[in-house]
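Asks: The following block contains the structure, expressed as C-alpha cells.
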Amino acid sequence: NAGVTQTPKFRVLKTGQSMTLLCAQDMNHEYMYWYRQDPGMGLRLIHYSVGEGTTAKGEVPDGYNVSRLKKQNFLLGLESAAPSQTSVYFCASGWTGGNYEQYFGPGTRLTVT
Amino acid sequence: LAKTTQPISMDSYEGQEVNITCSHNNIATNDYITWYQQFPSQGPRFIIQGYKTKVTNEVASLFIPADRKSSTLSLPRVSLSDTAVYYCLVGPRFEAAGNKLTFGGGTRVLVKP
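Chains as they are written, first to last, in the working numbering: chain G, 1 to 113; chain V, 1001 to 1113.
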C-alpha cells in the first residue's frame, strides 16, 4: 500500500502560469481533501470531496479548482498562479468526513515568483 | 465547530513525560477529540482520538475530564524524534456535509538531549 501520494514534490511557477497537483490514494477512501500550509501556520482546507464526481469548497477556495473524476484521484488546479499561493500543499483522504482519521500525503512545495 | 486553544510551544528533555493541554470550552455533545503529529516537511499523522475519560495506545495517552472542556495529550518518555508540532482537533466524528475541521497553529514541542 502506497497510501496517499502527491505529484510533484516541488514546483516553481512564474506569476500567471497554471499547473495541476495530483493526489492519489489506494485505500478506497470516499473522502479526499486539499490543504495548504504556510510557514509556521496550521493547515487550511482549500477544497474537499465526499465521493467520486463531487467537490466542495473549504476555508480558502479562491484561486483554486479541483476535480475528482476517479475515486482514487483528486486534482488541484491553479489557473493563474500568484505569489500568495506560495505554500506547501497537502492532500489527505479518509473513510468518512468529520473528525475521523485522515491520511496525509508527503506534500508539494510550491513557489510562485 | 468547537474552538480550541493550545500552547504555542513547549520544551522538554529526553526521557521525560510531555503533557499538552487543549482547551475546548464549547465542545458539543457529539464532538470527538483528535490529536495529530506533524514532523518538519511531512504531512500530519493521526496519533489518538477519544470521547471521554482515558484512551491509550502504543504512542500516547489522551485524558479527558468529565466536563470535556479540555483534554491532555500525554507522551511518555519522549525522545529527540518526538520533536514535532502537535495539533488538537475537536468536531463530530461523522460529518455528512463534509469535513470542516481546522488544524489551528498547534503546539511546537522541542525535545532536548
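We put the CB at the ideal spot given by N, CA and C, even for glycine.
#1: Mind checking if Pro1092 (chain V) is an interface residue toward chain G, Cβ cutoff 8 Å exclusive?
#2: Identify, in the order they occur along the chain, each residue of the same chain with its Cβ nearer than 8 Å to the Cβ of Pro1113 (chain V), setting aside the five sequence neighbours on each side.
#3: When Cβ atoms are compared, which residues of the stretch 1040-1070 of chain V fall closer than 9 Å to chain G?
#4: Can you name, in chain order, every residue of its own chain whose Cβ lies under 8 Å from the Cβ of Lys9 (chain G), other than the five neighbours on each side?
#5: Going along the chain, which residues of its own chain have a beta-carbon closer than 8 Å to the beta-carbon of Arg68 (chain G), five neighbours each way excluded?
#6: For Asp1082 (chain V), which three-state DSSP category applies?
#7: Using a Cβ cut-off of 8 Å, pull out every chain V residue sitting near Gln116 (chain G), in sequence order please.
#8: Name, in chain order, the residues that DSSP records as bridge partners for His1024 (chain V).
#9: Is the stretch 1069-1085 of chain V in contact with the stretch 79-97 of chain G, if contact means three or more CB pairs nearer than 8 Å?
#10: Report yes or no: is there a C-beta of chain V within less than 8 Å of the C-beta of Gln72 (chain G)?
#11: Nearest chain V C-beta to Tyr100 (chain G) closer than 8 Å, yes or no?
#12: How many angstroms separate the CA atom of Ser1061 (chain V) from the CA atom of Lys1054 (chain V)?
#13: Going along chain G in order, which residues have a C-beta closer than 7 Å to the C-beta of Leu1089 (chain V)?
#14: Does any C-beta atom of chain V lie closer than 8 Å to the C-beta of Thr5 (chain G)?
Replies: Taking the geometry as given:
#1: Interface residue, yes.
#2: Excluding sequence neighbours, Pro1113 (chain V) sits near Tyr1013, Glu1014, Leu1080.
#3: Cβ contacts with chain G: Ser1041, Gln1042, Gly1043, Pro1044, Arg1045, Phe1046, Gln1049.
#4: Answer for Lys9 (chain G): Pro106, Gly107, Thr108, Arg109, listed in chain order.
#5: Excluding positions up to five away in sequence, the list reads Met32, Ser49, Gly51, Glu52, Gly53, Thr54, Thr55, Phe74, Leu75.
#6: Here Asp1082 (chain V) sits in helix by DSSP.
#7: Residue 116 (chain G) lies beyond the stretch modelled for chain G, which goes from 1 to 113, so this question has no answer here.
#8: For His1024 (chain V), no pairing in a beta bridge is given by DSSP.
#9: The stretch 1069-1085 of chain V vs the stretch 79-97 of chain G: no contact.
#10: Not one chain V Cβ lies under 8 Å of Gln72 (chain G).
#11: With its beta carbon less than 8 Å from one in chain V, Tyr100 (chain G) belongs to the interface.
#12: Approximately 7 Å, taken between the alpha carbons.
#13: Residues of chain G passing the Cβ test: Asn99.
#14: No - not a single Cβ of chain V is within 8 Å of the one on Thr5 (chain G).
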